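Report on the structure given below.
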Amino acid sequence: MSTSVYNESIELATHSRLNSSEAPNGTRLAANSVQLVVHPVDGGFHAWAFLFAAFLIEAIVWGFPDAFGVFLDAYLTDPAYASSPHASSLLPLIGPIASGIVYCIAPFLSPIINRYPNHRRTAMYIGLLLCWASLFAASYTTDVVILVALQGVVYALGASLLYFPSLSYLAEWFINLRGFANGVLFAGTGVGGIALPLSISRLLNTYGPNVTVRILSVGLVVLLLPLLPFVKGRLPVGQTTTQPISRGSADSVKIWMGSSFFWVLLIANTIQGFAYFVPILWLPTFASTLKLSSTNSSATLAMFHTGSVISRLTMGYFSDSSLKHCFILGLGTLLATSVAIFVLWGVFSTNVAGLFSFCIVYGMLAGGWPSLWSGFGKGLTSNDPTLSMTLFGILLFSRGIGNIASTPISVALTGISSSSYSSISDAYLGHPDLGFKVAGGRFASTIMYVGTCFAGAGMIVLFGWGRDVYKQRSRISGGE
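Using the working numbering, you'd call the opening residue of the sequence shown number 1 and step up by one each time.
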């Protein structure tokens with residue numbers, strides 16, 4: 001099985017250049033009498049150990065921001081936090097800021113990782129230290145602004161240093177199974193989203209917000225520190241201080257700018273990001289307004305992430321097949337998600353059964369979108385690891401824009417007067433017992449916004465698929 005080589009070459013002690021044909025799987029490479037082992041790609045103990053460790057890093061790094069909806073409900077009902085100036089507008093920003101910064105820093109951090117690959121593992125240890133320090137320090141304050149800075153900004157910087165080096169190793173370990181590996185990796189977010197909300201809810205009920213954050217800071221170190229030795233590259237990195245930045249990445253990005261397919265993927269990804277994170281943020285609060293218990297409120301996120309784990313594994317597996325499958329899955333799930341938003345959330349989410357049904361369906365439909373990136377990107381990256389990391393950085397950045405911007409939008413929408421919507425819903429829907437009208441219609445505009453965004457993203461993918469089919473038929477007819 002042939003392999004790709006990180007940054008197009010491996011810099012050995014002799015500065016000799018080795019390509020994939022010179023480095024078959026599992027062979028020893030000699031350079032100046034130094035024996036270097038290149039482990040098998042797409043399998044073997046080291047590949048699966050790396051994937052397991054990266055999976056758990058994904059679960060912790062993204063699980064905390066995604067589970068922040070549980071914290072938000074606790075913060076807003078605790079007078080020590082809720083009485084702070086602008087608490088209602090600042091507290092909802094913490095989770096989206098944390099995940100949004102990690103998303104948006106990707107295209108700026110990726111070139112540094114590519115230039116200094118031998119410092120990736122050091123960066124992960126520094127990142128873990130920052131994550132611990134941010135949460136531990138946040139556990140000693142009730143000042144909302146400081147909470148935003150610590151749990152939002154500082155945590156995100158540490159998470160970025162921890163996450164992106166581990167992500168950069170993925171393309172070294174998996175080539176033919178890269179889509180599946182991406183699906184497994186991204187499923188870590190779902191697993192973290194299942195475990196953390198329920199665990200955090202129990203801790204909040206027992207200890208309150210401050211002690212809960214302190215416990216999480218210690219637990220983060222205990223879980224991740226033993227895993228970091230397994231997060232390493234398959235290919236040896238030279239002992240030089242730096243490696244030249246690949247011109248291929250910059251040139252390819254310029255080519256992408258002229259590709260309609262690239263813009264279809266980027267625009268659809270951005271619009272999806274403007275909608276995807278809103279339900280995750282507000283579902284626990286929505287459940288609280290239905291007078292559900294704190295456990296059931298937290299379970300909404302667990303249900304969502306259960307569905308997303310299934311979705312990410314499934315879509316990652318099928319994304320290895322063909323671009324056509326990616327278009328079908330992308331279009332189908334985006335449009336089906338829009339329908340689920342309007343029907344399951346907007347109509348039937350008036351009790352625990354209806355809300356839980358929406359949560360798990362929403363996770364199964366919307367959660368797997370990032371697992372399609374690898375399949376969509378094959379036509380742009382040609383399986384080059386550096387280009388794959390560059391494309392992932394761009395897609396993460398566009399998704400992060402939607403993540404950050406959607407929070408103030410949703411905060412504003414939930415503040416729209418319920419009476420103005422009630423008159424509209426009474427006139428057109430004629431049913432007082434609807435998800436649209438929970439809490440006097442507080443979430444109605446938010447539901448409309450999320451459903452419309454998913455429908456818009458689906459239309460963009462449909463346009464891209466139609467254009468791709470048209471170009472293929474034109475080439476066939478031209479060949480005749």
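Quick reminder that beta carbons are idealized off the backbone N, C-alpha and C, glycines included.
In this text, all values refer to a predicted model and were calculated from it rather than measured experimentally.
Residue i vs residue j beta-carbon contact at 8 Å
i, j, result
"Gly190", "Leu56", "no"
"Gly69", "Ile409", "no"
"Ala54", "Leu228", "no"
"Val231", "Met124", "yes"
"Gly363", "Ser308", "yes"
"Ile97", "Val148", "yes"
"Val352", "Asn296", "yes"
"Leu198", "Ala106", "no"
"Asp42", "Asn210", "no"
"Met389", "Ser168", "yes"
"Ala137", "Leu128", "no"
"Thr446", "Val253", "no"
"Gly440", "Gly273", "no"
"Pro92", "Val411", "yes"
"Gly100", "Ile404", "yes"
"Ile113", "Arg120", "yes"
"Leu329", "Phe318", "yes"
"Phe71", "Ile200", "yes"
"Leu290", "Gly346", "no"
"Ser288", "Asp73", "yes"
"Glu58", "Leu185", "yes"
"Gly192", "Gly332", "no"
"Ala80", "Ile271", "no"
Alpha-carbon spacing of residue i relative to residue j, whole angstroms
i, j, result
"Leu462", "Ser406", "23 Å"
"Trp369", "Ile310", "12 Å"
"Ala268", "Ala82", "37 Å"
"Phe358", "Arg115", "45 Å"
"Leu344", "Leu196", "25 Å"
"Ala336", "Ile94", "30 Å"
"Gly316", "Phe348", "30 Å"
"Gly377", "Gly179", "10 Å"
"Arg473", "Trp48", "41 Å"
"Leu301", "Cys326", "26 Å"
"Val339", "Ala366", "12 Å"
"Tyr103", "Phe164", "10 Å"
"Ala87", "Gly233", "44 Å"
"Pro40", "Phe174", "9 Å"
"Leu29", "Asn118", "Because the pLDDT at Leu29 is just 48, under 50, the model does not fix this residue reliably, and the point stays unresolved."
"Phe443", "Leu76", "17 Å"
"Asp66", "Leu135", "15 Å"
"Asp468", "Phe261", "8 Å"
"Pro385", "Ser110", "12 Å"
"Leu204", "Thr212", "6 Å"
"Ser425", "Trp282", "Because the pLDDT of Ser425 is 45, which lies under 50, any placement of that residue in the model is unreliable, and the number read from its coordinates should be weighed accordingly. Roughly 21 Å separates the two Cα atoms."
"Ile255", "Glu172", "24 Å"
"Phe108", "Val61", "19 Å"
"Tyr449", "Lys471", "33 Å"
"Trp465", "Asn182", "23 Å"
"Pro284", "Leu130", "28 Å"
"Leu224", "Ala159", "12 Å"
"Thr142", "Asp78", "10 Å"
"Ile312", "Ser321", "Strictly speaking, residue 312 in this sequence is Arg, with Ile absent from that position. Arg312 and Ser321: Cα-Cα distance of roughly 15 Å."
"Ser259", "Tyr276", "26 Å"
"Leu90", "Ile146", "10 Å"
"Leu387", "Leu380", "8 Å"
"Arg214", "Ser139", "5 Å"
"Pro236", "Val38", "7 Å"
Range of the contiguous alpha helix (DSSP H) that encloses residue i
i, result
"Tyr481", "This structure gives no information on residue 481, because the portion of the chain shown stretches from 1 to 480."
"Asn210", "Pro209 to Leu224"
"Gln272", "Ser260 to Thr289"
"Ala67", "Ala67 -> no alpha helix (DSSP H), and no H or E assigned at all."
"Ile101", "Ile94 to Cys104"
"Ile341", "Here Ile341 belongs to no alpha helix (DSSP H), and DSSP marks it neither H nor E."
"Asn296", "Ser294 to Ser319"
"Asn176", "Taken as a continuous stretch (DSSP letters only), Asn176 belongs to no alpha helix (DSSP H), as it is neither H nor E."
"Phe443", "First-last for Phe443: undefined, no H or E at that position."
"Trp373", "Trp373 to Thr381"
"Gly363", "Val352 to Ala366"
"Thr407", "Pro385 to Thr414"
"Ala80", "Pro79 to Ala82"
Inspect the CB distances between the stretch 212-219 and the stretch 383-399 and report whether three or more fall short of 8 Å. no
Give a yes or no on contact between the stretch 151-158 and the stretch 258-278, applying the rule of three or more CB pairs nearer than 8 Å. no
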